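Counted from 1, the sequence shown has number 359 at position 359 by the UniProt record's numbering; the numbering is strictly sequential. Just so you know, even glycine gets a beta-carbon here, dropped at the ideal spot from N, CA and C. All values derive from a computational prediction rather than experimental measurement. Structure, as structure tokens:
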Amino acid sequence: MPTSSSGADGVGSRDAPDLRGRRVAFAVGTGRCGTHLLHELLAAEPSVSSHHELNPPNEAFHRYCRWNELPVDDRGFLDIKAREIALASPPDGLFFEASSYLSLSVKQLHRRFAARFVLMVRDPLETVLSLRAKGWYEVEYRKDEPGRPVGFHDLGNFVHFLSRLVPNGPEFERWSSLPRAARLAWFWAALNERALADLRSLPDDAWMVVRLEDLDLAKYAEIARFLGIVPTLTPDGFRAIAGRRPGASWPRPGPMDLPDAEFAQVALEVAATAGRLGYPPPSAPPRRDAMPSDPGPAPAVVGRLRKAGSATGALPPGSVLLSIDGSAPELEEIVLRGLDRGIRGYHVRIDADGGRRRLETLVALRMGHSPLVLVELAGPGDPGAEPDDDVLALIREAADLVAIEASRPADFLKAQQAAGHSGLPAVASVRSWTGLLHWRDLLRASCGVIVWRTELRRAIDEADLDHWILAHQEDALKQNKIFCVAIGPPSDSDPEAVRAAERMAGAGLSILVPSDGGPAAWGRWPTPGGGLGSPR
1 MPTSSSGADG
11 VGSRDAPDLR
21 GRRVAFAVGT
31 GRCGTHLLHE
41 LLAAEPSVSS
51 HHELNPPNEA
61 FHRYCRWNEL
71 PVDDRGFLDI
81 KAREIALASP
91 PDGLFFEASS
101 YLSLSVKQLH
111 RRFAARFVLM
121 VRDPLETVLS
131 LRAKGWYEVE
141 YRKDEPGRPV
151 GFHDLGNFVH
161 FLSRLVPNGP
171 EFERWSSLPR
181 AARLAWFWAA
191 LNERALADLR
201 SLPDDAWMVV
211 RLEDLDLAKY
221 AEIARFLGIV
231 PTLTPDGFRA
241 IAGRRPGASW
251 PRPGPMDLPD
261 AEFAQVALEV
271 AATAGRLGYP
281 PPSAPPRRDA
291 MPSDPGPAPA
301 VVGRLRKAGS
311 ATGALPPGSV
321 LLSIDGSAPE
331 LEEIVLRGLD
341 RGIRGYHVRI
351 DADGGRRRLE
361 TLVALRMGHS
371 PLVLVELAGP
381 GDPGAEPDDD
391 VLALIREAAD
401 LVAIEASRPA
411 DFLKAQQAAG
421 HSGLPAVASV
431 RSWTGLLHWR
441 DLLRASCGVI
451 VWRTELRRAI
461 DEADLDHWIL
471 AHQEDALKQN
481 KIFCVAIGPP
491 SDSDPEAVRA
501 AERMAGAGLS
511 ILVPSDGGPA
521 AWGRWPTPGG
531 GLGSPR
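Written as structure tokens, this is what we have:
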């Protein structure tokens, strides 16, 4: 006899089995993100009935309706799922289904089954390339009325048509103009943002987010505890399952196969969502003809650095450098008072407007002090990229470190090998969006990077940029590389520079601050040990 429900959303709905007390959980995501792997891991647990995509037509249709906000009743979808749960799992076990098709159904599933959810996410570029290899968005989607849901397109599989989301309204026109990889990047961001929004409407203890890159045995045990089971999988068992990568047989092109312009569009589509999920913007490897050799950890490379409060001579995390852009009469006061206020070193840029006088002043004033001196050279072909012999001699005498402005590893290596300063250890000065995309390769080719927040924030939202910076600090430090953030000058109309410096300094990052305003203004700049306005 069918059971009856005490309410419209009761677990014992009419014509569906009574699942009261049954434990139910789902893994959702974009697809190609680790849901299948999690299913296989849990399938090895004796207390779990684990399944993968039990009913693609039912689930994909619900996804299509949810995405397009079609006024379709949920009852049929949920009753079918209830019968699947009843048939697939014993009353005292955990029912688990991994299905990307259910990513937009979490609110309905939680309301009906009190289900828990694991949102699996994967590096955006890896996901895009994997989806592309699977044939996503090969067909050109067409609409006469962009505001309406897309009509049927023959993709060779009706479930694929239902599940491969297409935007509506003005966004459809923009999306249609994108290259295929960027359209896939849009999907990665849109699906994850929508799933996160739905999950955040549930109780906090009903869901968790897991990055595929973090899924080791310890993270698996954490997931198991979240699902209410005691994990029994051994390290050998975990390795055996995790080593069988689902979909590994699919040929997948690498990021080198994406044209630069298309790669940049991919990065723009995913940047904000990637930051929220703890991923950096995608970083493409350098072209094969420009692969740099790794010079090794910074302490080994920067042997010329004077020891200024650091056992290794490298720039330690949490340091503050002062960028000297003031006029010559102020330089002596800036240098001497900077030493008294905890300034770790000085940055001087050599370009079309000079810089020689600043270098000469630093040489004259170093005396018995040992601040680090960082000389920045413009990129190849720019004014000042090739200093004259007199300036080169000054650089050799004054500089501990050279910063080279470059957007790509090949440009960096070309400048580093230029006559006169190839023997100096060098860091990459990242002032452009392209440089940010290639930052990992620039880091590998150098002994560190300086990220110019002031200039980059014109192209990237400040919050996203700061999240990216803080997320990548550990990456650089693990390699014993310098990671410094250049902060713009503070002003009463733009206090964000000071707040940004507080965040960076509070996280232990080295910061490069401008000399604008002279010593009187330095008290506004925070450091891990306090403001610069107070003498040590």
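Nearest neighbour of residue i, chosen from the options [CA to CA]
i           : options                        : result
ALA189      : ARG174, VAL121, HIS160         : VAL121
PHE77       : PRO56, LEU94, PHE96            : PRO56
SER510      : GLU376, GLY345, SER432         : GLY345
ASN157      : TRP439, PRO146, GLY135, GLU145 : GLY135
ALA261      : TYR137, PRO179, LEU215, GLY508 : PRO179
PRO170      : ASP411, GLU145, ARG194, PHE161 : GLU145
LEU233      : ALA185, GLU40, LYS478, ASP154  : GLU40
TYR103      : CYS484, PRO514, ASP198         : Residue 103 is actually Ser in this sequence, not Tyr. Closest by alpha carbon: ASP198.
ALA185      : ASP154, VAL210, GLU126, ASP216 : GLU126
residue 559 : VAL150, GLY31, SER130, LYS143  : No information on residue 559 is available, as it lies outside the stretch 1 to 536 that the chain covers here.
ARG200      : ALA271, LEU119, VAL159         : LEU119
PRO17       : SER177, ARG83, LEU268, TYR101  : ARG83
GLU376      : GLY448, ALA98, ILE350          : ILE350
LYS478      : ALA43, PHE263, LEU443, VAL451  : LEU443
SER100      : ALA218, ALA445, ALA60          : ALA60
SER319      : PRO124, ALA114, ALA507         : ALA507
ALA221      : ASN58, ASP204, ALA44, PRO124   : ALA44
ALA393      : LEU268, ARG132, LEU359         : LEU359
GLY448      : ASP475, GLU455, LEU456, ALA500 : ASP475
ALA117      : HIS62, VAL210, ASN168, SER177  : Checking the sequence, you will find Phe at residue 117 rather than Ala. It is VAL210 whose Cα lies nearest to the Cα of PHE117.
LEU191      : GLY29, ARG276, LEU268          : GLY29
Classification of residue i by the beta-carbon crowding that lies within 10 angstroms, buried from 16 upward
i      : result
GLU140 : exposed
ASP294 : No answer about ASP294 holds up, because its pLDDT of 37 lies below 50 and its placement is not dependable.
ARG148 : exposed
ALA240 : exposed
PRO259 : exposed
ARG20  : exposed
ARG142 : exposed
PRO71  : exposed
PRO282 : buried
LYS481 : buried
ALA181 : buried
GLY218 : The question names Gly, but residue 218 in the sequence shown is Ala. Looking at its Cβ environment, which holds fewer than 16 other Cβ atoms inside 10 Å, ALA218 is exposed.
ASP92  : exposed
ARG112 : buried
Element boundaries [beta strand (DSSP E), containing residue i]
i      : result
GLY345 : 345-350
TRP207 : 207-211
TRP188 : TRP188 -> not in any beta strand (DSSP E); alpha helix (DSSP H) instead, spanning 180-200.
PRO32  : It should be pointed out that residue 32 corresponds to Arg in this sequence rather than to Pro. Neither: ARG32 is in no beta strand (DSSP E) and is coded neither H nor E.
VAL106 : From DSSP, VAL106 is part of no beta strand (DSSP E) but of the alpha helix (DSSP H) over 106-113.
ALA426 : 426-430
Beta carbon of residue i nearer than 8 Å to that of residue j
i           : j      : result
CYS49       : SER89  : Contrary to the premise, residue 49 reads as Ser rather than Cys in this sequence. Contact: yes.
MET208      : PHE187 : no
PRO409      : ASP441 : yes
ALA399      : VAL373 : yes
ILE487      : ALA497 : yes
HIS52       : HIS36  : yes
LEU321      : CYS33  : no
TYR137      : ARG66  : no
ASP464      : ALA195 : no
VAL266      : VAL166 : no
ARG431      : ASP466 : no
residue 539 : PHE152 : The structure shown does not extend to residue 539, since the chain spans only 1 to 536, so no value can be given for it.
ILE85       : PHE95  : yes
SER323      : LEU109 : no
Residue i - DSSP class collapsed to helix/strand/coil
i      : result
ARG20  : coil
PHE152 : coil
GLY368 : Confidence at GLY368 is low in this model, with a pLDDT of 45, below 50, so the placement of that residue is unreliable and no value is reported for it.
GLY484 : Contrary to the premise, residue 484 reads as Cys rather than Gly in this sequence. It is a strand residue.
TRP452 : strand
GLU53  : coil
GLU474 : helix
ILE395 : helix
ARG306 : For ARG306, the pLDDT reaches just 33, beneath the cut-off of 50, and the residue's location in the model is therefore unreliable, although a value from the coordinates is still provided. Three-state result, ARG306: coil.
SER323 : strand
ALA410 : helix
ALA311 : A caution first: ALA311 carries a pLDDT of 25, below 50, which makes its placement in the model unreliable, though a value can still be read off. DSSP places ALA311 in coil when its eight states are reduced to three.
VAL270 : helix
Alpha helix (DSSP H) segment containing residue i, residue limits
i      : result
ILE80  : 75-88
SER130 : 124-133
PRO235 : 235-242
PRO514 : Careful: PRO514 lies outside any alpha helix (DSSP H), inside the beta strand (DSSP E) at 510-514.
ARG458 : From DSSP, ARG458 is part of no alpha helix (DSSP H); its letter is neither H nor E.
ARG499 : 496-506
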